[in-house]
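Before any comments, here is the structure.
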Amino acid sequence: MNISKEQFKDDYQKAFTNMYASTLEGGSSTQQYTALGTLLRSYVAEYWRDERERYIKEGQKQVFYFSIEFLPGKFLENNANNMDILDIVEEGCKELGLDFDEITAAEAEPAIGNGGLGRLASCYMDAGASLGYPLHGNGIRYRHGLFRQKIVDGYQAELPDNWLRHRNAWEVRDHKSSVLVRFGGNVYLDGFHPVYEDTDDVVAVAYDIPMIGYHLSTVNTMRLWSAEVPPEEEEEGLASKEKYEAVDEITEFLYPDDSSYEGKLLRLKQEYFFVSAGIQTIMKSFKRYQISPKDLSEKIAIHINDTHPALAIPELMRILLDEEKLTWDQAWEITINTCAYTNHTVLREAMETWRCDMVKKLIPRIYMIIEEIDRRYVEQNKPIYGDELVQSTRPIQDDYLHMAHLAIIGSHSVNGVAGLHSKILSEDVLRDFSEMTPHKFNNKTNGISQRRYLHVANPELRELISECIGEDWLTNPASMKVLLAYQNDQSVLSKLADIKHQNKEKLAQYIKENNGIEVNTDAIFDVLIKRLHAYKRQHLQLLHIIHLYFYLKDNPQADFQPRVFIFGAKAAPSYVFAKDVIKVINEVAETINNDPDCKDKLQVVFIENYGAALAELIIPAAEISEQISLAGKEASGTGNMKMMLNGALTMGTLDGANVEINSFVGDENMFVFGLRKEEVDRYNERASYNSKDLYKSDAKIKRVVDSLVDGTFPRIQIEGQTIYDHLITHNDEYYALKDFHSFVEAQEKAAKLYKNKDEWNKKSLINIANSGPFSADYAVQRYASEIWIAQPKAMRTDK
Ligand code: 26Q
1 MNISKEQFKD
11 DYQKAFTNMY
21 ASTLEGGSST
31 QQYTALGTLL
41 RSYVAEYWRD
51 ERERYIKEGQ
61 KQVFYFSIEF
71 LPGKFLENNA
81 NNMDILDIVE
91 EGCKELGLDF
101 DEITAAEAEP
111 AIGNGGLGRL
121 ASCYMDAGAS
131 LGYPLHGNGI
141 RYRHGLFRQK
151 IVDGYQAELP
161 DNWLRHRNAW
171 EVRDHKSSVL
181 VRFGGNVYLD
191 GFHPVYEDTD
201 DVVAVAYDIP
211 MIGYHLSTVN
221 TMRLWSAEVP
231 PEEEEEGLAS
241 KEKYEAVDEI
251 TEFLYPDDSS
261 YEGKLLRLKQ
271 EYFFVSAGIQ
281 TIMKSFKRYQ
291 ISPKDLSEKI
301 AIHINDTHPA
311 LAIPELMRIL
321 LDEEKLTWDQ
331 AWEITINTCA
341 YTNHTVLREA
351 METWRCDMVK
361 KLIPRIYMII
371 EEIDRRYVEQ
381 NKPIYGDELV
391 QSTRPIQDDY
401 LHMAHLAIIG
411 SHSVNGVAGL
421 HSKILSEDVL
431 RDFSEMTPHK
441 FNNKTNGISQ
451 RRYLHVANPE
461 LRELISECIG
471 EDWLTNPASM
481 KVLLAYQNDQ
491 SVLSKLADIK
501 HQNKEKLAQY
511 IKENNGIEVN
521 TDAIFDVLIK
531 RLHAYKRQHL
541 QLLHIIHLYF
551 YLKDNPQADF
561 QPRVFIFGAK
571 AAPSYVFAKD
581 VIKVINEVAE
591 TINNDPDCKD
601 KLQVVFIENY
611 GAALAELIIP
621 AAEISEQISL
631 AGKEASGTGN
641 MKMMLNGALT
651 MGTLDGANVE
661 INSFVGDENM
671 FVFGLRKEEV
681 DRYNERASYN
691 SKDLYKSDAK
701 IKRVVDSLVD
711 GTFPRIQIEG
721 QTIYDHLITH
731 NDEYYALKDF
741 HSFVEAQEKA
751 AKLYKNKDEW
761 NKKSLINIAN
771 SGPFSADYAV
781 QRYASEIWIA
791 QPKAMRTDK
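Position one of the sequence shown corresponds to residue 1 (our numbering), numbered consecutively onward.
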């Protein structure tokens, strides 16, 4: 958008005074932020409204992305960037005597997602709007996001995240869009008409946040629902204290689990709550514009992000049957054609199943419909596929509802999130389904927002790239490949190295302030940032660090490539192994960082409270990107793409999207190690891996593992034992010991390469140049053209 700096400054001062009846300079940084966010939102408000109306008027197909998590990151800078006014805002603030960095720091990060799944949803929102697709989010407005992590004596402590304390400048409460969601009670059919008795009603109130596309291509909506007591109940004095509490609870907290599942009633309530609100709203707008429900799948697409929103399927059936009075067959065909499902995990413990009696009690009408889906599924498919296939794929089995089965049966498309992952789904985890309906199965490799993770997070690199290859890559990331022409250009390579160094300095400053550790910025910055999980194998990196520590103790004079190991990770509060790994990392760090033999050579930093905002500080400073999950376990990973985009070299197994990274850059531009997926399968099938034998026969491994329990590192008696038991007593489920030597070797190769700065920088540039295909823009285009069958609008040129 076009606005002069003077106009902006004037607007900002007025907006501030309007809001706080005081002067801008005297405000707190939180107030300055809130007024600025509100002002920027007001700049797009009319356009946002026009775009909503245009979508309806033009009858363009709309896509609704249902996700129980979003992880948008901070809004201010990204939105200003997409509005093309980031420079004006920054300079304007400076001229007004304000500290722009302080203002952006004051923005509370909406941590309403756990990790990859939520962040992916937000990258897709950004890409969708940037490309001009009518792609809208539907989710939950949790009053508390993912816990804040504090490290106390090396342990993770969890504190509540009250991100809405100072209100959210970007959201608009739209009470007129409220809908009623019914829980519990009795339902019986009067003919074909369901009669509800004694239901417990909750109002879903919409909070809309604008999703602002790059160059203002369009403005879409992320709608987050908040639960409230129905106003009628309140006015008639019918709501008890218990009722208030029960309603508030629904949208109070985000469940802090990532890749694990527990059958908690409240979680099921959350799922139905936001799904029902979303589907009802879609259907209401249809009614308003008198579109026949039979045209539904031509006018909208509903995307089910993992199984958590799978109740969208029976909810849509409910409305088509009970309110639109369609026949079952009509309703079912429409539902399948409208819905599509993405799977994000192959871990058994993450598969969502619900006890049928629980579902029946909480949402009786929905349960009736699910039973009927199940009944007809068996009836229709048994004659074609036989009993065995049908029994293993039906939604209801042994009194449990299998959400993935429901999602697959009720969708026309089922996709995995990286090539290898999709292959595992169709050949292994979901093989029975893919035998029956192969046409549904497809792959959509994840993508990331290069606007957030490069343009905004690393503006110096953005400049350098544009200096070399012009600006085309900003909207056409594949053309970053042109950068390859500079792989031997010493001046470009040295600029690249300077930028990396500056980013390392910035991170080092943060580490000094927050950890009290002065890290050596000439050392390799080796980064492992992701949720803590045994399959992601943070403990393998820990073993590697201990190995290096012993090496330094044994050879204090050796020529050692200095390294700073940086960790960021939250553990689910009830996940004992994960929490113990955090404690041990912190205690090993304590010993190493205080050992004079390690000074400036080996340092270990655990960054507290890692999340979307800190990621934007850490990623531009990374030199080695650690992606070390056991092959076959990580569905895709997206941190791998973000660090590659910022010039880090990947240290990785052939897992998830690492496989694709490898195919783009080749073995010589990353460090591949570890078992291949087929090898892991073979060991598992034959049960032929014995970690204890390996430990006993391998002195190096034994020494490292023993250090967890022999007092080498103080204060880890219990936690060190947990890891020891996992590795030795419980046979090392994720093959960390098996992969140990291969990992250490790859790490040695990296250390050696780093000594040759020119070679390293060249490889760094090759990584950047090859990262274009991982743009979320391409991923969204593939979803749109192959799954949603949705078109972007013709781009406006008049802004
Ligand atoms: C389920 C039931 C009850 C409570 C919590 C959950 C739950 C919550 C979050 C289950 C799973 C998740 C998150 C999964 C996730 O983030 N998966 C990651 O998705 C990324 C995007 O596709 C991939 O890149 C990662 O590989 C995958 O682990």
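Where a beta carbon is used, it is the ideal one built from N, C-alpha and C, also for glycine.
To the nearest angstrom, report how far apart residue i and residue j are at their CA atoms.
{"i": "H741", "j": "I582", "result": "23 Å"}
{"i": "L401", "j": "P395", "result": "6 Å"}
{"i": "L461", "j": "L765", "result": "11 Å"}
{"i": "I302", "j": "P160", "result": "32 Å"}
{"i": "K799", "j": "G213", "result": "Per-residue confidence for K799 stands at a pLDDT of 44, beneath the threshold of 50, marking its modelled position as unreliable; the derived number appears in the next sentence. Taking the straight line joining both Cα atoms gives about 13 Å."}
{"i": "Q62", "j": "I517", "result": "50 Å"}
{"i": "T797", "j": "R782", "result": "Interpretation of T797 is limited by its pLDDT of 46, a score under 50 that renders its predicted location unreliable; no figure is taken from the coordinates."}
{"i": "P293", "j": "E324", "result": "7 Å"}
{"i": "S260", "j": "G26", "result": "47 Å"}
{"i": "D374", "j": "E333", "result": "15 Å"}
{"i": "E626", "j": "I424", "result": "23 Å"}
{"i": "Y535", "j": "E745", "result": "21 Å"}
{"i": "D655", "j": "G637", "result": "9 Å"}
{"i": "Y142", "j": "P72", "result": "13 Å"}
{"i": "K382", "j": "H193", "result": "30 Å"}
{"i": "S663", "j": "T345", "result": "22 Å"}
Less than 8 Å between the C-beta atoms of residue i and residue j, yes or no?
{"i": "V709", "j": "Y689", "result": "no"}
{"i": "F8", "j": "V89", "result": "yes"}
{"i": "G416", "j": "A635", "result": "yes"}
{"i": "P573", "j": "P309", "result": "no"}
{"i": "V44", "j": "P210", "result": "yes"}
{"i": "A312", "j": "I304", "result": "yes"}
{"i": "I529", "j": "G639", "result": "yes"}
{"i": "I619", "j": "Y367", "result": "no"}
{"i": "G154", "j": "L254", "result": "no"}
{"i": "N669", "j": "N555", "result": "no"}
Starting from the Cα of residue i, find the closest Cα among the options and give me that residue.
{"i": "E733", "options": "L630, V659, H544", "result": "L630"}
{"i": "A127", "options": "N476, Y20, D306", "result": "N476"}
{"i": "P562", "options": "K481, V604, A310, A169", "result": "V604"}
{"i": "K150", "options": "K642, A569, W760", "result": "A569"}
{"i": "A227", "options": "A497, K702, A204, R267", "result": "A204"}
{"i": "R522", "options": "M670, K440, L507", "result": "The sequence shown places Asp at residue 522, rather than the Arg named in the question. Of the candidates M670, K440, L507, the one whose C-alpha sits nearest the C-alpha of D522 is L507."}
{"i": "A779", "options": "L131, D295, K57, A157", "result": "L131"}
{"i": "Q31", "options": "D99, D472, D174", "result": "D99"}
Hey, is residue i close to the ligand 26Q, as in C-beta under 7 Å from one of its heavy atoms?
{"i": "D258", "result": "yes"}
{"i": "N114", "result": "yes"}
{"i": "N446", "result": "yes"}
{"i": "Y124", "result": "no"}
{"i": "L430", "result": "no"}
{"i": "G637", "result": "yes"}
{"i": "V417", "result": "yes"}
{"i": "R394", "result": "no"}
{"i": "E800", "result": "It is not possible to answer for residue 800, since the shown part of the chain is limited to 1 through 799."}
{"i": "R348", "result": "no"}
{"i": "H344", "result": "yes"}
{"i": "L255", "result": "The residue asked about is misnamed: residue 255 is Tyr in this sequence, not Leu. Because some heavy atom of the ligand 26Q lies under 7 Å away, the Cβ of Y255 counts as near it: yes."}
{"i": "R267", "result": "yes"}
{"i": "Y261", "result": "yes"}
{"i": "G611", "result": "no"}
{"i": "G656", "result": "yes"}
{"i": "E802", "result": "With the chain covering only 1 through 799, there is no way to say anything about residue 802."}
{"i": "H726", "result": "no"}
{"i": "D306", "result": "yes"}
{"i": "L117", "result": "yes"}
{"i": "L425", "result": "no"}
| task | Determine contact between the stretch 32 to 42 and the stretch 71 to 78, defined as no fewer than three beta-carbon pairs at a distance below 8 Å. | result | The answer is yes - the stretch 71 to 78 touches the stretch 32 to 42, with three or more Cβ pairs under 8 Å.
Query - Cβ pair count under 8 Å reaching 3, the stretch 101 to 110 against the stretch 159 to 172 - result: yes
Pairs of beta-carbons, one from the stretch 760 to 777 and one from the stretch 535 to 550, closer than 8 Å: are there three or more? Contact fails: fewer than three Cβ-Cβ distances are below 8 Å.
*Would the stretch 449 to 461 and the stretch 637 to 646 be scored as touching if the rule is three or more Cβ pairs under 8 Å?*
yes
Whether or not the stretch 594 to 604 and the stretch 270 to 284 are in contact is what I'm after, with contact meaning three or more pairs of Cβ atoms, one per stretch, closer than 8 Å; do they touch?
no
Is the stretch 492 to 500 touching the stretch 746 to 765, taking contact as three or more C-beta pairs under 8 Å? yes
- Three or more C-beta pairs closer than 8 Å, one from the stretch 352 to 365 and one from the stretch 262 to 271: is that the case here? Judged by Cβ distances under 8 Å, the stretch 352 to 365 makes contact with the stretch 262 to 271, as three or more pairs qualify.
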